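**Student:**
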Amino acid sequence: MRIRETRKKLIADINLSPILDLSLMLVIFLAVTTEFISGGEIKVQVPKGGAAVVTTRDVVKIIVDKWGKIYYDGKVYSDPVKLIKHLPRNRPVFIKADRETPYLYVFSLLDTLRKSGIKKVSLVGQRVE
Numbered sequence: 001m002r003i004r005e006t007r008k009k010l011i012a013d014i015n016l017s018p019i020l021d022l023s024l025m026l027v028i029f030l031a032v033t034t035e036f037i038s039g040g041e042i043k044v045q046v047p048k049g050g051a052a053v054v055t056t057r058d059v060v061k062i063i064v065d066k067w068g069k070i071y072y073d074g075k076v077y078s079d080p081v082k083l084i085k086h087l088p089r090n091r092p093v094f095i096k097a098d099r100e101t102p103y104l105y106v107f108s109l110l111d112t113l114r115k116s117g118i119k120k121v122s123l124v125g126q127r128v129e
């Protein structure tokens, strides 16, 4: 004697909607996080020495790492000439170069700044008490 006449079919379909939603959320999270990371300050080890300089808030800060990459306003430049187009002309410029940066990169940046008409340029160092 049969209790059931027909067997129920197994549901073998996988619902992809939650997986796609999760993937999309991860992609958005990574994209937003990457933008925040790139806008941060680059850590460089500046040389020790030098006198204290009184600074104002109206300065341009340029960072040069030991491989010669130039960082300004959250963007990376490999050529100082391309950087000059984005700098304001009437504000003082502070260059913060890593202590292991070859002199060629710093000299090239200084030379390009002076040729473009920017005269107020200072190198940033770590003060020694």
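The sequence shown begins at 1 in full-length UniProt numbering and counts up by one.
Don't be surprised by glycine CBs; every beta carbon is placed ideally from N, CA and C.
The model shown is predicted, which means the values in this text are computed figures rather than measured ones.
1) Taking C-alpha atoms, which residue in SER17, ASP79 and ASN15 lies nearest to THR112?
2) Cβ atoms of VAL124 and ARG91: under 7 Å apart, would you say?
3) Can you give me the Cβ contacts of GLY117 inside the same chain, cut-off strictly under 7 Å, excluding the 5 residues immediately before and after it?
4) What is the DSSP secondary structure of ILE63, reduced to helix, strand or coil?
5) Cα separation between LEU22 and GLY74?
6) Under the rule that 16 or more other beta-carbon atoms within 10 Å means buried, what is THR101, buried or exposed?
7) Note the first and the last residue of the continuous beta strand (DSSP E) segment covering residue 130.
8) Are the beta-carbon atoms of LYS96 and ILE70 separated by less than 7 Å?
9) Helix or strand or just coil, what does DSSP make of SER78?
**Tutor:** According to the structure data:
1) Against the sequence shown, residue 112 aligns to sequence position 112. The residue among SER17, ASP79 and ASN15 with its C-alpha nearest the C-alpha of THR112 is ASP79.
2) Along the sequence shown, read from residue 1 onward, the residue named residue 91 stands at position 91. Along the sequence shown, read from residue 1 onward, the residue named residue 124 stands at position 124. No, Cβ-Cβ distance for ARG91 and VAL124 is not below 7 Å.
3) Numbered from its first residue, the sequence shown carries residue 117 at position 117. Contacts found: ARG89.
4) Within the sequence shown, residue 63 is the residue found at index 63, counting from 1. Strand at ILE63.
5) Here the question's residue 22 lines up with position 22 in the sequence shown. Here the question's residue 74 lines up with position 74 in the sequence shown. Near 30 Å, if we compare the C-alpha coordinates of GLY74 and LEU22.
6) As a working mapping, residue 101 is identified with position 101 in the sequence shown. Counting the other CB atoms within 10 Å of its CB gives THR101 a total of 16 or more, which places it among the buried residues.
7) For residue 130 there is no data in the structure shown, the boundaries of the chain being 1 and 129.
8) Here residue 96 refers to the residue found at position 96 when the sequence shown is read from its first residue. Here residue 70 refers to the residue found at position 70 when the sequence shown is read from its first residue. No, Cβ-Cβ distance for LYS96 and ILE70 is not below 7 Å.
9) On the sequence shown, residue 78 is found 78 positions in, with the first residue counted as 1. SER78 falls in the coil class under three-state DSSP.
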